[in-house]
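What follows is a single structure, written as structure tokens, with notes after it.
Residue numbers (this note's numbering): 1383 to 1525.
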């Protein structure tokens, strides 16, 4: 059992703490049931895990990170990279914690949804709705 964790900042400003877990596998021709890696091998695997997680997550936005986590592409990439150090199986990103969120920016939100902030005008008081004097909404027979 090898675990690693890393604090990584995404390109859109989120600070994530990513936890990864992997299990050692029996080497070829091994008779013993247990498969224990040496401490130096564990340190090298942990370093490689942190390096791959940082490389994949730091250059992408939160939405892309979620899309990478769903098919477990990061786990399979770690498994392939660590094969030369010690064979691993069932490598997964176990948990992702959001440590810090970026400040809420209205202009960026409007740009993401296709409207520019300059075209949207918002008054602090709001606007009065024009209605005919004495207008009552029609009474409904059933709700």
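Just so it is clear, CB atoms sit at the ideal spot from N, CA and C, and this is done for glycine as well.
**Report entry** Contained alpha helix (DSSP H) runs [length at least 4] in the stretch 1447–1477, N- to C-terminal order
**Finding:** 1455–1463
**Report entry** residue 1502 versus residue 1495 - alpha carbon distance
**Finding:** Because residue 1502 sits at a pLDDT of 49, beneath the cut-off of 50, its placement in the model cannot be relied upon, and the following sentence gives the value as read from the coordinates. In a straight line, the C-alpha of residue 1502 is about 12 Å away from that of residue 1495.
Report task. Measure the Cβ-Cβ separation of residue 1449 and residue 1404 and say whether it is below 8 Å. Result -> no
Query raised in the report: Roughly how far, in whole angstroms, is the beta-carbon of residue 1399 from the beta-carbon of residue 1479, given that I think they are within contact range, below 8 Å?
Result: 4 Å
Requested in this report: Enumerate, from N- to C-terminal direction, the unbroken alpha helix (DSSP H) stretches of 4 or more residues contained entirely within the stretch 1386–1443.
Outcome: 1421–1440
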